[in-house]
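Following: one structure in structure tokens, then a few remarks.
Protein chains: 4
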Amino acid sequence: MAPHAASAERVAFIGLGHMGGPMAANLVKAGHVVTAFDLSEAALAKAAEAGAIAAPSALAAVEGASVVMSMLPASRHVEALYLGEGGLLARLPAGTLVIDCSTIAPASAQRVAEAAAARGVAMLDAPVSGGTAGAAAGTLTFIVGGEPSALDRARPLLAAMGRHVFHLGGAGAGQVAKLCNNMALGVIMAVTGEALALGASHGLDPRALSAMMAVSTGRSWATEVCNPWPGVKPEAPASRGYAGGFGNDLMLKDLGLAIEAALQVGAAVPLGELARNLYALNRLAGRGGLDFSSVQQLVAGPAGG
Amino acid sequence: MAPHAASAERVAFIGLGHMGGPMAANLVKAGHVVTAFDLSEAALAKAAEAGAIAAPSALAAVEGASVVMSMLPASRHVEALYLGEGGLLARLPAGTLVIDCSTIAPASAQRVAEAAAARGVAMLDAPVSGGTAGAAAGTLTFIVGGEPSALDRARPLLAAMGRHVFHLGGAGAGQVAKLCNNMALGVIMAVTGEALALGASHGLDPRALSAMMAVSTGRSWATEVCNPWPGVKPEAPASRGYAGGFGNDLMLKDLGLAIEAALQVGAAVPLGELARNLYALNRLAGRGGLDFSSVQQLVAGPAGG
Amino acid sequence: MAPHAASAERVAFIGLGHMGGPMAANLVKAGHVVTAFDLSEAALAKAAEAGAIAAPSALAAVEGASVVMSMLPASRHVEALYLGEGGLLARLPAGTLVIDCSTIAPASAQRVAEAAAARGVAMLDAPVSGGTAGAAAGTLTFIVGGEPSALDRARPLLAAMGRHVFHLGGAGAGQVAKLCNNMALGVIMAVTGEALALGASHGLDPRALSAMMAVSTGRSWATEVCNPWPGVKPEAPASRGYAGGFGNDLMLKDLGLAIEAALQVGAAVPLGELARNLYALNRLAGRGGLDFSSVQQLVAGPAGG
Amino acid sequence: MAPHAASAERVAFIGLGHMGGPMAANLVKAGHVVTAFDLSEAALAKAAEAGAIAAPSALAAVEGASVVMSMLPASRHVEALYLGEGGLLARLPAGTLVIDCSTIAPASAQRVAEAAAARGVAMLDAPVSGGTAGAAAGTLTFIVGGEPSALDRARPLLAAMGRHVFHLGGAGAGQVAKLCNNMALGVIMAVTGEALALGASHGLDPRALSAMMAVSTGRSWATEVCNPWPGVKPEAPASRGYAGGFGNDLMLKDLGLAIEAALQVGAAVPLGELARNLYALNRLAGRGGLDFSSVQQLVAGPAGG
């Protein structure tokens, strides 16, 4: 039995997948009462094992909750959960805090936040970085948009699941910032693949090249941690057939959201849009389910990478 | 008067610009006898003040030298210096060591190395990173291609001018690796500019966005050190009107060399080639002489960046 | 007084701008009774001069109409006109034919078509090509999506305003096809600009180069008609300071819609997306209001183009 | 026996491949005495059957020739044929006319032209368009750089092999123009593939879409003649498994030469460089030997195209 937190909130947690499941478990460990729901019975059972109370529906889960958290795949799921006649916002009492950790379109986040505000419900968009490992270890980074007062209230909960919190601005700002980071990441991974393939095709050893770049101006998470060339970093997805990690199609989704955000304001993001196409081509080549660093194989061809 | 190094070489140093000048001075400080030459009399006079012996020509400078170093702007200068009937290689005795620190086409480096080998002269291509600050402080990184034995002999000299040495392979490998790093750098800087402009156009503060990205998966030298958005990093060129730093046209040159190296082997470098075009457009927009991080203004427009 | 058409429809025409105005006038000329509305009183007055009946509102205009046509700037205007409680669809009797000639998102066109179908109203998306000259001359091309029976009924009206009709498929297919064409056009114009600038920078005369390309495999509407290099085609916008023609920002809008359509299905459109960014950069450089062929100045720099 | 032409030249023809062979045969048909050479004995035998005199070497072929023509794969072959101590230019008498029809780097063409001029030999670079079908039918287009007087002398010969002659300027201008055209063509083909794939993924019939585009502003040789979608044009390579036509790797080579020409003058050719990468990716995907319109399969994925 976990100790009760001093200022324990009653949390409803909707969406118990690879990210949401461990996050909910960490809330339980920190002493919060968590009522959970997921369409998957297996996910729900696993959350119950971890100490959450399994609810038969999202509506049942939020009954009596002071905070509602959600971790869902895409904008349409988040809008469906909260908006409309059957949506949660129509049932939540004023004063409830909603924290959505999904990565979705900023415009969607803003739509939900507006609807929430109209009912006296505070809303934070709080997408995360750190992956499934960070979710399990409770070392996620939260990238937050919304009112400072709502964030202050959320901090103890976020602290149970993560290590860093960045506040970027009002509603949707967390989503925008996450997309900016991931757009940069998608480009950096692909150009690192280009650089390693170019070096290899001139006879260089990708390990030596990576070692040099990792301490030079071309350094990045792609050279140092998730190196896309097989064998350079034994613990990277590239060294186990690009299994696990952050899927190509998830990067493709995030880049698509970034492009949408750019279209919305007419921004020029030429490298970001080209990278989206590279991941789309990587998917067409049959690598949609592999780690996104498998874009290495797109630019190096079957012989390399 | 500087102390004499135990195994002092007689060094001829050709090319005393913003990089070569301080490098030669550091060799003198370490106790080496340095005979120097540059077409600019001012540069030559400055080297003499630092303790080098000014020579009236490149040919005169290499008279009696056991090691010849060069730091020149482009492939054609290096080929002109070493090759042909009037070139240095026709005059150097077997056993001389040549270290070219210029950033040039790998194919050029290989041509000179082959001609050197044919005369019993060992050749290293050893382009550097670290900029003018690193040259002055003696903290450069050398990215080396050539025979291991030649590199062993060069190490005491390189140690007088820099801190790190990476050996990437045979003749030209240093150039290839430098170009791979700088291609990645050019792309990373531009996509960082895109990300900051996208965030700003959605109302985010580029400082907050940069702070988040700098500790996330989108991190890079561009977010942490040479941030392209004015005011984010007070010591970065962006915060002083993009003055100083690494010029747009130098990045354009290096990306051009990277593309040439890609054309040579038929490699796919889509992001690298797009970045070359962005720096070319930045030049056409009148920012060729500014720091390469001024590509921020290309993607953000006059209002931003 | 115009002659009455045999099978004259009572047409309501909403949106009397540079395209809609002349289109409505051509309907009148062909003997149709046209009731027209536009938010601009000047536009409305001009339509009245041409023989249309000016209505005080869109709702008033459709009173008694058997066919409703619209020509509006963007998706949101079309959705606002037809959908929702105050929208036209809530008032139109079953059996009415709606023809929307605006260029909008296929998804928007499909939303309106679905809402129309639910009320027994037939809907065609029928974006046009041919520009303001084609609208005035009655020589437009209609690119149509929707039911064949609805198109059959629409043909006499379309014949009064244009010369060619292409039927591409069901609801939204006209929009998709128009965007495919304009995406190709945007890319073709920009690469023609690149080719002419490359030739010119090697000393070639863009007129001679254009003349050759216009009868070779690189030929296109951009080499033959709307050549982007000033002076090559006297009647092209490039030869009058890029005034008139099809604005950069309209091309930017269409490319944005094409990218949205690509994001919707996960399609790879690398050249299309890069072109969108070139027109976005051209806008940032201050040429948003000029003809889209002014992208020539982006790739040629101030000296060229 | 062919009739003798009034002003018959004695022509040496070097390079009797798929293009050069039929070109030489057409010269014979027009009454010229043609001495031919190729490294392939089969090609040489075929030329002899067509009425040419087979020579045992290039040097033997030019013995007594007033005009030397060449049709070779790449810059290095052309430079090797003409330059250096064993090259043809060292043997040709002043007054000889050299016509090189190879597609090579403009800088190479200029090097050979300069060496020729130094010996009183006139040189034309005259790359062709029209493919093997045009070579056989004698309907090629010649894209010429060099002195007008040299072109005047060449015209009767060119007329025997082709239908159109474009004079673009001095030495190398023919090569530059050919590369400009082919850069545009490579981009146009790929974006047409993008447009057809985008339309198809929204349910449109590529035949209907192509028919519309072929008479609209997005029209090109790619929509009208060499349509990249299988089945749209029965006679196009796409309709026979992308066999025959203009190979992907030849387009890749031409785009590489165009990029080199752009690097030489610092030109911005963003779409051209991206297209080069698409054809490089298409080669890495195993389609290097197919017609270049097989880039359709890169952007449409295995299901489409």
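Protein chains in written order, with this note's numbering: chain Z, 2 to 306; chain P, 2 to 306; chain W, 2 to 306; chain U, 2 to 306. We put the CB at the ideal spot given by N, CA and C, even for glycine. Here the structure is a predicted model, which means the values were calculated and not measured.
Residue i to residue j, Cα distance in whole Å?
i	j	result
residue 11/Z	residue 279/W	51 Å
residue 146/P	residue 228/P	31 Å
residue 218/U	residue 220/W	12 Å
residue 284/Z	residue 66/U	58 Å
residue 99/W	residue 111/W	13 Å
residue 13/P	residue 165/P	22 Å
residue 117/W	residue 210/U	26 Å
residue 265/Z	residue 199/P	10 Å
residue 20/P	residue 132/P	7 Å
residue 326/W	residue 263/W	What the structure shows of chain W is the stretch from 2 to 306, and residue 326/W is not part of that stretch, so it cannot be assessed.
residue 170/W	residue 177/W	10 Å
residue 42/U	residue 268/U	43 Å
residue 242/W	residue 134/W	19 Å
residue 291/U	residue 226/U	17 Å
residue 159/W	residue 141/W	9 Å
Under 8 Å, do residue i and residue j count as touching if we go by C-beta distance?
i	j	result
residue 261/W	residue 275/Z	no
residue 126/U	residue 172/U	yes
residue 113/U	residue 86/U	no
residue 52/Z	residue 29/Z	yes
residue 16/W	residue 58/W	no
residue 244/Z	residue 231/Z	no
residue 204/Z	residue 301/Z	no
residue 23/P	residue 136/P	yes
residue 174/W	residue 148/W	no
residue 282/W	residue 272/P	no
residue 289/W	residue 250/W	yes
residue 190/Z	residue 296/Z	yes
residue 121/P	residue 151/P	no
residue 82/Z	residue 73/Z	yes
residue 46/P	residue 25/P	no
Identify, in the order they occur along the chain, each residue of the same chain with its Cβ nearer than 6 Å to the Cβ of residue i, setting aside the five sequence neighbours on each side.
i	result
residue 76/Z	105, 106 and 109
residue 252/P	187, 280 and 293
residue 36/U	13, 54, 56 and 62
residue 93/P	122
So, for residue i: in the same chain, excluding its five sequence neighbours on each side, which residues have a beta-carbon less than 7 Å away from its beta-carbon?
i	result
residue 2/W	Since pLDDT at residue 2/W reaches only 37, below the 50 mark, its modelled position is unreliable, and the value read off the structure follows with that caveat. Hits under 7 Å: none found.
residue 207/P	197, 200, 201, 230 and 233
residue 27/Z	139, 161 and 162
residue 44/P	17, 18 and 22
residue 90/Z	83, 84, 116, 117, 120 and 122
Within its chain, find whatever has a CB closer than 8 Å to the CB of residue i; leave out the 5 residues flanking it on each side and keep chain order.
i	result
residue 182/Z	130 and 144
residue 325/Z	No statement about residue 325/Z is possible, as the shown extent of chain Z runs from 2 to 306 and does not include it.
residue 184/U	255, 256, 259, 270, 273 and 276
Return no unless some Cβ of chain C is closer than 8 Å to the Cβ of residue i.
i	result
residue 228/W	This model lacks chain C altogether, as its protein chains are Z, P, W and U.
Legend entry - Near-chain U residues of the stretch 146 to 174 of chain W - C-beta to any C-beta below 8 Å: Identification of residues in the stretch 146 to 174 of chain W having a C-beta nearer than 8 Å to some C-beta of chain U yields 165, 167, 168, 169, 170, 171, 173 and 174, given in sequence order.
Inset, instruction - Taking only beta carbons into account, state which residues of the stretch 230 to 261 of chain Z come closer than 8 Å to chain P, listed in chain order. - result: So the close ones are 259.
Legend entry - Cβ-based contacts, 8 Å cut-off: residues of the stretch 189 to 217 of chain Z near chain P: Cβ contacts with chain P: 189, 191, 192, 193, 195, 196, 197, 198, 199, 200, 202, 203, 204, 205, 206, 209, 210, 212, 213, 214, 216 and 217.
Inset, instruction - At 4 residues or longer, and completely inside the stretch 215 to 268 of chain W: list those alpha helix (DSSP H) runs for me, N to C. - result: List check, alpha helix (DSSP H) in window: 222 to 225 and 249 to 266.
Legend entry - Within the stretch 41 to 65 of chain W, ranges of the alpha helix (DSSP H) (whole runs, at least 4 residues): The DSSP assignment places complete alpha helix (DSSP H) segments of no fewer than 4 residues inside the stretch 41 to 65 of chain W at 42 to 50 and 59 to 63, in order along the chain.
Inset, instruction - Note down, one range per segment and in chain order, each beta strand (DSSP E) of at least 3 residues found wholly within the stretch 162 to 214 of chain W. - result: Runs found: 163 to 170.
Legend entry - Residues from the stretch 261 to 276 of chain P in contact with chain U, defined by Cβ distance under 8 Å: Within the stretch 261 to 276 of chain P, the residues whose Cβ lies closer than 8 Å to any Cβ of chain U are, in chain order, 261, 264, 267, 268, 269, 270, 271, 274 and 275.
Legend entry - Ranges of the alpha helix (DSSP H) found wholly within the stretch 9 to 40 of chain P, counting only runs of at least 4: Counting only runs of 4 or more, we get 21 to 30.
Inset, instruction - Starting from the N-terminal side, write out each stretch of the alpha helix (DSSP H) that is 4 residues or longer and does not extend beyond the stretch 79 to 155 of chain W. - result: Restricted to the stretch 79 to 155 of chain W, the alpha helix (DSSP H) segments that are unbroken, complete and at least 4 residues in length are 107 to 118 and 132 to 138, listed in chain order.
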